[in-house]
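For what it's worth, my numbering labels the leading residue of the sequence shown as 6, then goes sequentially.
Heads up, the beta-carbon is just placed ideally off N, CA and C, and yes, glycines get one too.
As the structure is a computational prediction, the values presented were derived from the model and not from experiment.
Each remark here refers to the structure printed beneath this line.
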Amino acid sequence: MQTSTINIENIRRDFPILQRKVRNNKPLVYFDNAATTQKPIQVINSIHNYYLNYNSNIHRAVHQLAEEATAAYELTRDKVAKFINIKNREELIFVRGTTEAINLVSYSWGRQNVQKGDIVLTTEYEHHSNIVPWQLLTKEKEAKLEYIGVDDNGELILDQLNAYLDTGRVKLVTFSHMSNVLGTITNADEIIKQCHKKGVKVLVDAAQSVPHMKVDLQKLDCDFFAFSAHKMLGPTGVGVLWARKAILENMQPFNGGGDMIREVHKYETTWNDLPYKFEAGTPNIADVIGFSAALDYLENIGMDKVREHEIELTKYALEKMLTIKGIKLYGTPDMKKRGGVISFNLGDIHPHDLATIIDEDGVAIRSGHHCAQVLMERLDVSATSRASFYIYNTKEEVDVFIRSLNRAKELFRI
Ligand SMILES: Cc1ncc(COP(=O)(O)O)c(C=O)c1O
6 MQTSTINIEN IRRDFPILQR KVRNNKPLVY FDNAATTQKP IQVINSIHNY YLNYNSNIHR
66 AVHQLAEEAT AAYELTRDKV AKFINIKNRE ELIFVRGTTE AINLVSYSWG RQNVQKGDIV
126 LTTEYEHHSN IVPWQLLTKE KEAKLEYIGV DDNGELILDQ LNAYLDTGRV KLVTFSHMSN
186 VLGTITNADE IIKQCHKKGV KVLVDAAQSV PHMKVDLQKL DCDFFAFSAH KMLGPTGVGV
246 LWARKAILEN MQPFNGGGDM IREVHKYETT WNDLPYKFEA GTPNIADVIG FSAALDYLEN
306 IGMDKVREHE IELTKYALEK MLTIKGIKLY GTPDMKKRGG VISFNLGDIH PHDLATIIDE
366 DGVAIRSGHH CAQVLMERLD VSATSRASFY IYNTKEEVDV FIRSLNRAKE LFRI
């Protein structure tokens with residue numbers, strides 16, 4: 006139960022859900038981590054403890070419970086700042102998830118800065134949450150949404166970036182740091198360098214990267230950065246938007262309401278300081294506090310080790326999958342350029358049928374378009390199956406998965 010990097014047995018003990026049996030009384034093999042990860046007991050206890058002992062609203066009352074809840078909520082902000090290595094905690098805004106973070110930027114920064122004829126440039130391997138908000142914006146503004154293409158290796162065709170930048174009309178380049186379908190790790194440094202040479206802002210959708218590798222924002226040097234707690238052991242309903250202070254200060258608020266104001270008069274309002282200007286209303290206090298425990302958990306393991314473990318597991322799985330006749334694997338075989346996500350098709354078995362069959366063996370994978378229909382069109386398929394790994398997954402589980410794929414193959418006689 007061991008890869009060379011981390012002690013999985015110890016880790017698995019912290020995840021109560023991994024002890025349960027699922028269909029046909031089979032042990033759960035959870036390979037749907039790109040959708041959401043499981044939660045360690047430390048995260049569950051932290052939320053439980055908040056509701057049991059110091060449930061209160063934050064930032065307002067002076068009583069002890071409010072003080073404790075505020076301190077715990079704000080402590081998470083400090084931990085996030087450390088986790089992604091940023092200097093100014095006020096640049097971190099808690100939102101509901103990556104989707105809300107991108108919508109915030111599109112609605113607030115986009116409406117102020119994108120005009121008729123401008124280009125917002127994204128890529129063909131984006132999640133819908135990094136496409137639809139830009140469609141809404143560009144339609145409203147009579148601007149254009151354009152796409153950097155994906156090559157047959159599952160990598161971005163970066164020459165196309167420069168051609169778009171040369172038009173002088175690009176206002177924003179926005180891309181996924183790691184594709185949720187292909188696992189491709191985007192060459193973010195290069196894109197950001199090219200964009201900044203031309204004064205173009207960059208948004209990085211880090212929903213699939215921050216949970217799986219060390220990301221240092223002082224090195225990355227983008228302008229907006231978004232990710233979700235639930236994909237990194239944390240609770241659902243919590244995400245982070247980071248943006249430079251100067252940009253946030255010039256942006257109009259996204260939501261109006263309590264906490265985001267300094268003074269409200271009948272017809273005029275002044276805004277609170279950052280980050281509160283963008284955190285209107287009662288936030289998701291319990292889950293932000295729970296997120297702290299998830300960050301501690303990952304810090305304790307070390308993100309370099311998380312990445313090494315996933316590389317080892319993915320390599321192992323890819324090798325075994327390649328021995329299955331009729332399998333089609335998507336994405337680059339180069340592990341330096343990909344994370345622990347494997348999309349595939351097996352003969353002409355529909356991914357939903359395949360997922361249903363292997364679910365009988367307790368194996369949970371994802372099937373469908375993975376909220377990436379533009380990419381499905383590019384790959385010329387309607388759907389794929391997807392296995393995605395995390396720190397608690399083992400080679401033995403990969404073996405169960407492979408046996409199950411072979412069983413499906415026999416059932417369908419391919
Ligand atoms: C690359 C990518 N971006 C954005 C999202 C949206 O994240 P959320 O649903 O947490 O807002 C996902 C979720 O799967 C994703 O994989």
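Q. Any residues whose CB sits closer than 5 Å to a heavy atom of ligand 1? List them in chain order?
A. Gly102, Thr103, Thr104, His132, Ser134, Ser181, Asn185, Asp210, Ala212, Gln213 and Ser233
Q: Output the residue ranges of the alpha helix (DSSP H) runs that lie fully inside the region 72-122 and measure 4 residues or longer, sorted by chain position.
A: 103-109
Q.
Taking the alpha-carbon of lysine 236 as reference, which of Leu222, His217, Glu304 and Glu254 has the nearest alpha-carbon?
A. Counting from one through the sequence shown, the residue named residue 236 turns up at place 231. The option with the nearest alpha carbon to lysine 236 is His217.
**Q.** Selection from Ser409, Asn350, Ala212 and Tyr397 that minimises the alpha carbon distance to glycine 373
**A.** Start at 1 with the first residue of the sequence shown, and residue 373 comes out as number 368. For glycine 373, the nearest C-alpha among the options comes from Asn350.
Q: Quick one: residues in its chain with C-beta nearer than 7 Å to the C-beta of lysine 320, no 5 flanking neighbours on either side, listed in chain order?
A: The residue given as residue 320 occupies position 315 in the sequence shown. Within the same chain, lysine 320 has close Cβ partners Met340.
Q: Have a look at arginine 4 and histidine 314 and give me their C-alpha separation to the nearest angstrom.
A: With the chain covering 6 to 419 only, the question about residue 4 has no answer from this structure.
Q) Are the beta-carbon atoms belonging to phenylalanine 180 and threonine 189 less than 7 Å from one another? A) The residue given as residue 180 occupies position 175 in the sequence shown. The residue given as residue 189 occupies position 184 in the sequence shown. No, Cβ-Cβ distance for phenylalanine 180 and threonine 189 is not below 7 Å.
Q | Closest Cα partner of serine 134 within the set Asp210, Asp157 and Gly242 | A | Position 129 of the sequence shown holds residue 134. Nearest of Asp210, Asp157 and Gly242 to serine 134, Cα basis: Asp210.
Q) Excluding five sequence neighbours on each side, which residues of the same chain lie with their C-beta closer than 6 Å to the C-beta of glycine 286? A) In the sequence shown, the residue the question calls residue 286 occupies position 281. Same-chain partners within the cutoff: Gly262 and Gly263.
**Q.** Of the residues Asn62, Thr337, Asn90 and Leu416, the one placed nearest valine 215, counting alpha carbons only
**A.** If you number the sequence shown from 1, residue 215 lands on position 210. Out of Asn62, Thr337, Asn90 and Leu416, Asn90 has the C-alpha closest to the C-alpha of valine 215.
Q: Give the DSSP-derived three-state secondary structure of threonine 232 in the structure shown.
A: Here residue 232 refers to the residue found at position 227 of the sequence shown. Note that residue 232 corresponds to phenylalanine in the displayed sequence, not to threonine. Reduced to three states, the DSSP call for phenylalanine 232 is strand.
**Q.** Residue from Ile363, Tyr397, Val403 and Ala369 whose Cα sits closest to the Cα of glutamate 415
**A.** Taking the sequence shown and counting its residues from 1, the one referred to as residue 415 is at position 410. For the residues Ile363, Tyr397, Val403 and Ala369, the minimum Cα distance to glutamate 415 belongs to Ile363.
Q. Is DSSP giving tyrosine 272 helix, strand or coil here?
A. Translated into the one-based positions of the sequence shown, residue 272 becomes position 267. Looking at tyrosine 272 - three-state DSSP - the assignment turns out to be coil, as it is neither helix nor strand.
**Q.** Own chain partners of glutamate 145 with C-beta closer than 8 Å, once the 5 adjacent residues on each side are dropped
**A.** Counting from one through the sequence shown, the residue named residue 145 turns up at place 140. So the qualifying residues of the chain are Arg116.
Q) In its own chain, which residues sit with a C-beta less than 6 Å from the C-beta of alanine 298, not counting the 5 before and 5 after it? A) For the purposes of this step, residue 298 is taken as the residue at position 293 of the sequence shown. Gln47, Val48 and Ser51, listed in sequence order.
**Q.** Between the CA atoms of lysine 333 and aspartate 353 - distance to the nearest angstrom
**A.** Start at 1 with the first residue of the sequence shown, and residue 353 comes out as number 348. Start at 1 with the first residue of the sequence shown, and residue 333 comes out as number 328. Taking the straight line joining both Cα atoms gives about 10 Å.
Q. From leucine 253 to aspartate 228, what distance separates their C-alpha atoms?
A. Along the sequence shown, read from residue 1 onward, the residue named residue 253 stands at position 248. Along the sequence shown, read from residue 1 onward, the residue named residue 228 stands at position 223. Straight-line Cα distance between these residues: approximately 10 Å.
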